[in-house]
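Here the protein sequences line up with chains D and P, keeping their order. Just so you know, the first sequence maps onto residues 9 to 289 in my numbering. Just so you know, the second sequence maps onto residues 701 to 1006 in my numbering. Glycine is no exception: its CB is placed at the ideal position from the N, C-alpha and C atoms. The model shown is predicted, which means the values in this text are computed figures rather than measured ones. Below you'll find the structure, written out as structure tokens, and then a few comments.
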Amino acid sequence: MSPHDPPASGDILVVDGVDVYLSGRKVLDGVTFEIAPGEFTGLIGSNGAGKTTLFRVILGLQAASAGRVIVAGGQLSRRHRAIGYVPQKFMLDPDVPLRARDLVGLGIDAQRLGVPRPSRRRRALIEEMLDAVDATGFADTRVGRLSGGEQQRVLIAHALIARPRLLLLDEPLANLDLRSAHEVVSLLGRIAHEQEIAVLISAHEINPLLPVMDRIVYLAEGRAVSGTTAEVVRADVLSKLYGHHVDVLDVHGRVLIVAGAGEDSDLIGHEGVFPGAGIRA
Amino acid sequence: MSPFPGSIFAPGFFASGPVHLALGVGALVAVVAGAVGVFTVMRGQSFAGEAFGDLGTTGGAGAYLVGIGPLWGFVVGNVIAAGAMEAIGIQRARGRDLATGIVLGAGIGLAALFLYLDTTQHNTTGAVVTILFGSVFAISSSTLPLILLLSAVVLAITLTLYRPLLLSSVSAEMAAARGIPVRVVGAVYLLALALAAALAAITIGTILSTALLVGPAASALRLTRRPLTALLTAAGIGVATMWLGILLAYDSYEWPPTGRGWPVSFFVVTLVFLIYLLSGVPEAARRRRPGRPRGAPRDARAMTPG
Chain D
9 MSPHDPPASG DILVVDGVDV YLSGRKVLDG VTFEIAPGEF TGLIGSNGAG
59 KTTLFRVILG LQAASAGRVI VAGGQLSRRH RAIGYVPQKF MLDPDVPLRA
109 RDLVGLGIDA QRLGVPRPSR RRRALIEEML DAVDATGFAD TRVGRLSGGE
159 QQRVLIAHAL IARPRLLLLD EPLANLDLRS AHEVVSLLGR IAHEQEIAVL
209 ISAHEINPLL PVMDRIVYLA EGRAVSGTTA EVVRADVLSK LYGHHVDVLD
259 VHGRVLIVAG AGEDSDLIGH EGVFPGAGIR A
Chain P
701 MSPFPGSIFA PGFFASGPVH LALGVGALVA VVAGAVGVFT VMRGQSFAGE
751 AFGDLGTTGG AGAYLVGIGP LWGFVVGNVI AAGAMEAIGI QRARGRDLAT
801 GIVLGAGIGL AALFLYLDTT QHNTTGAVVT ILFGSVFAIS SSTLPLILLL
851 SAVVLAITLT LYRPLLLSSV SAEMAAARGI PVRVVGAVYL LALALAAALA
901 AITIGTILST ALLVGPAASA LRLTRRPLTA LLTAAGIGVA TMWLGILLAY
951 DSYEWPPTGR GWPVSFFVVT LVFLIYLLSG VPEAARRRRP GRPRGAPRDA
1001 RAMTPG
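Listed below in structure tokens is the structure:
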């Protein structure tokens, strides 16, 4: 069925030859990669490259027309427990009566029926998670009134409290200022390595992730290449992926990917190219 | 106002059978409406709540035509409306108001016909006023079992679905990623809202029912930051306004023009509105204080819930 080799055992996520058509258009084309436990992987691609669709396939919310996805070696029904998910768009009215600690608490057991019963264990677990993402200072604030960076941290705690083995984050750095983005990235890097949780984070800009990224999955035109940064972020590899010539420039530790030539040239993901983005930290 | 309870509680208030029934049913319905209403406001479905109120008119007028109790009419009309909204696509955020509006328009057209037939064939306008503006004193004790049943169903739905509903209301994507069937949860909640609106309609009328659903909930949202406390606060505000409204309506038999008390619904809705205005005071006071603490509002949107 699949032209690819069977997955190596122990991988937390195996994406194998996934094709997805959305309203007749091929959005993902034979996407293949694996993620090992505790690995920090960046899913890089410009807007419309298929990152969110790929996440939906991994979550089981979007069917693939070909290929397969295996999460924690298990079946679809067990997938929800193995994955923590932080969505791209999170808009909450400032009036909604939901404190940061309530949202984190919902991460424990939101899928269960009934009203949560307060217990010392529950409270301690929430407190521990708030502390882990450095959110104790605003634990009692309504989530809708937090800043973007604060909300990201609370959402990460919400996703982590159920002890997932894979954390998916859809463009968590979009709309964050440089400092908040850096804080979120180093927090995620710490979580990945200390708690052995595999992190898959999508971004349209590569530089903020360079300091912590173990592997990269580069998505363009629905196709993907994966490997270490050194293996993937090369002119020949990316040119082949894009199907036309691409230059990869190193500017004081920042990576610039430039497509086309002359008047057609364009910085890929240029929205994210800002001074200091490539902090090596 | 006289300091003596005797003149606040007019003679006969505690001895009257209809008053007892009104206090009991009013409190129960207020609790149900308050609890459901918090989710209605959180989910931005106030328009659907309003639509169920208005569509209750169609059901109520139809029930009067065929000679059954108005509550049956409200329930049947609202459940059909909920099904139609669901079918047209109320679950999609973008199609939500459209689905509601289309069903509302069609339903109100039918209400026009039914009310016309009610007044021409039965030669009475009293029924129309009762359907539109309700009268908690006019509830017959034979309706009580149905009211109890519906209230139990709605409260059971709200409390059973509490966690999945709360997360779906916060983010449908996050809920779906956890394996929560967001669409089913939304549909069951819509049914609870339809039934709650029918219950509210029997007490304060179809047109005003939305006030009892949305008003106490919107006030509660300004007063507390916790979801469960918001449900309880909304229920409490609902009961308080209902009871005070009933008391004032009973007292109003002594007011000009004497002998014909003022409508309860007027008092209830006015009190709901006043409490909503008052519920903004703590927030405004906090904001005026210098060196606002973390978590104080950062923008003016905080003043306009739902």
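Proximity of residue i and residue j at Cβ, strictly below 8 Å
{"i": "P:Ala930", "j": "P:Val738", "result": "yes"}
{"i": "D:Arg223", "j": "D:Ser234", "result": "yes"}
{"i": "P:Trp943", "j": "P:Leu721", "result": "no"}
{"i": "D:Phe98", "j": "P:Ser871", "result": "yes"}
{"i": "P:Phe774", "j": "P:Ala901", "result": "yes"}
{"i": "D:Pro45", "j": "D:Arg173", "result": "yes"}
{"i": "D:Gly80", "j": "D:Ala90", "result": "For the record, residue 80 of chain D in the displayed sequence is Ala; it is not Gly. Yes. Within cutoff."}
{"i": "P:Thr941", "j": "P:Thr933", "result": "no"}
{"i": "P:Val885", "j": "P:Leu855", "result": "no"}
{"i": "D:Tyr226", "j": "D:Leu249", "result": "yes"}
{"i": "P:Phe752", "j": "P:Ala894", "result": "yes"}
{"i": "D:Pro216", "j": "D:Val193", "result": "yes"}
{"i": "P:Pro1007", "j": "P:Ile880", "result": "Outside the shown range of chain P, which is 701 to 1006, sits residue 1007 of chain P, and nothing can be said about it."}
{"i": "D:Gly113", "j": "D:Pro124", "result": "yes"}
Pairwise C-alpha distance: residue j and residue i
{"i": "P:Ala920", "j": "P:Val741", "result": "10 Å"}
{"i": "P:Ile768", "j": "P:Val725", "result": "20 Å"}
{"i": "D:Asp19", "j": "D:Leu175", "result": "14 Å"}
{"i": "P:Leu912", "j": "P:Ala935", "result": "10 Å"}
{"i": "P:Met785", "j": "P:Leu755", "result": "12 Å"}
{"i": "D:Ile214", "j": "P:Asp797", "result": "40 Å"}
{"i": "D:Ser31", "j": "P:Arg878", "result": "26 Å"}
{"i": "D:Gly50", "j": "D:Arg262", "result": "16 Å"}
{"i": "D:Pro102", "j": "D:Ala118", "result": "21 Å"}
{"i": "P:Arg926", "j": "P:Val853", "result": "24 Å"}
{"i": "D:Arg198", "j": "D:Glu204", "result": "10 Å"}
{"i": "P:Ile857", "j": "D:Gln70", "result": "29 Å"}
{"i": "D:His166", "j": "D:Ile116", "result": "8 Å"}
{"i": "P:Ser746", "j": "P:Val828", "result": "24 Å"}
{"i": "D:Gly230", "j": "P:Leu815", "result": "59 Å"}
{"i": "P:Leu890", "j": "P:Gly744", "result": "12 Å"}
Burial state of residue i, where buried means 16 or more other Cβ atoms lie within 10 Å
{"i": "D:Phe146", "result": "buried"}
{"i": "P:Ala799", "result": "buried"}
{"i": "D:Glu136", "result": "exposed"}
{"i": "D:Val151", "result": "buried"}
{"i": "P:Gln821", "result": "exposed"}
{"i": "P:Tyr953", "result": "exposed"}
{"i": "P:Gly777", "result": "buried"}
{"i": "D:His190", "result": "buried"}
{"i": "P:Ser979", "result": "buried"}
{"i": "D:Arg171", "result": "exposed"}
{"i": "P:Tyr976", "result": "buried"}
{"i": "D:Ala132", "result": "exposed"}
{"i": "P:Tyr764", "result": "buried"}
{"i": "P:Glu873", "result": "buried"}
{"i": "D:Glu202", "result": "exposed"}
{"i": "D:Pro180", "result": "buried"}
{"i": "P:Leu849", "result": "exposed"}
{"i": "P:Gly905", "result": "buried"}
{"i": "P:Gly760", "result": "buried"}
Beta-carbon proximity list for residue i, same chain, < 8 Å, skipping 5 on both sides
{"i": "D:Leu154", "result": "Ala108, Phe146, Val162"}
{"i": "D:Gly75", "result": "Ser10, Val23, Asp24, Gly25, Val26, Asp27, Gly38, Val39, Thr40"}
{"i": "P:Ile808", "result": "Asp754, Leu755, Thr757, Thr758"}
Chain-order list of residues whose beta-carbon lies under 7 Å from that of residue i (same chain, five-residue window excluded)
{"i": "P:Ile802", "result": "Ile788"}
{"i": "D:Ser188", "result": "Gly156, Gly157"}
{"i": "P:Leu846", "result": "Leu771"}
{"i": "P:Gly938", "result": "Ala730, Val731, Ala733, Gly734, Leu912, Pro916"}
Chain-order list of residues whose beta-carbon lies under 6 Å from that of residue i (same chain, five-residue window excluded)
{"i": "P:Leu728", "result": "Ser851"}
{"i": "D:His253", "result": "Ser247"}
{"i": "D:Leu196", "result": "Val207"}
{"i": "D:Asp148", "result": "Arg107"}
{"i": "P:Ile907", "result": "Leu832"}
{"i": "D:Leu177", "result": "Val94, Ile209"}
{"i": "D:Ile66", "result": "Val77"}
{"i": "P:Val969", "result": "Leu908, Ala911"}
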